[in-house]
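Here's the structure we're looking at; comments come further down.
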Amino acid sequence: EDAELMYYLQCIHLCSLLCLGDDLSGGKAFVHALFDARELTVMVVLVDNVQKKHSDKPGTVLVSRLLKQNLLRLLRASCYESGMQGSLFQSGRLHLMVLEIMLE
22 EDAELMYYLQ
32 CIHLCSLLCL
42 GDDLSGGKAF
52 VHALFDAREL
62 TVMVVLVDNV
72 QKKHSDKPGT
82 VLVSRLLKQN
92 LLRLLRASCY
102 ESGMQGSLFQ
112 SGRLHLMVLE
122 IMLE
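Heads up, the sequence shown stops at 125 in this note's numbering, and the numbers go up one at a time, no gaps.
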């Protein structure tokens, strides 16, 4: 189970790396085919809820923070820095929830 989680963390990290720099190979389009801004924000909110629910378990908190960090990095690289998030995402409640999580 831990290996699967670490694999997932690395996949999220790799997707964020695909969105960096000048996109001549179609990396950003590939990542957008896998994740859209709404889907990423839902994942961030769900992971944050798990972290808060299990705040008494240090291992769960650590993994939640790592996952949240990678999801936020992917959200930044694939949506904010690429300009592909859309006005609906920016004005939505989910976007507000992610901004609140980032301020905590």
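Using N, Cα and C, we set each Cβ at its ideal position, and we do this for glycine too.
Measuring alpha carbon to alpha carbon, tell me which of the options ends up nearest residue i.
i      : options                       : result
Lys49  : Val119, Leu120, Leu96, Ile122 : Leu96
Gly42  : Ala98, Gln90, His34, Arg94    : Ala98
Ile122 : Glu25, Pro79, Met64           : Met64
Val68  : Leu26, Phe51, Cys100          : Leu26
Ala58  : Tyr29, Leu117, Glu125         : Leu117
His34  : Leu92, Val84, Ser46           : Leu92
Tyr28  : Val84, Glu60, Leu115, Gly113  : Val84
Arg114 : His75, Val66, Gln90           : Val66
How is the alpha helix (DSSP H) around residue i delimited, first residue to last?
i     : result
Gly80 : 79 to 96
Phe51 : 48 to 55
Ser37 : 23 to 39
Asp69 : 58 to 74
Apply the 10 Å Cβ neighbour rule to residue i and answer buried if 16 or more other Cβ atoms are within range, or exposed otherwise.
i      : result
Leu109 : Bear in mind that the predicted position of Leu109 carries a pLDDT of just 49, short of 50, making it too unreliable to give a figure here.
Gln72  : buried
Lys78  : exposed
Cys100 : buried
Ala54  : exposed
Could you tell me how far apart the beta carbons of residue i and residue j are, in whole angstroms, since I believe they sit closer than 8 Å?
i     : j      : result
Thr81 : Val119 : Wrong, their Cβ atoms sit about 20 Å apart, outside the cutoff.
Ser37 : Arg94  : 5 Å
Leu39 : Phe56  : 11 Å between Cβ atoms; not a contact.
Leu30 : Leu88  : 6 Å
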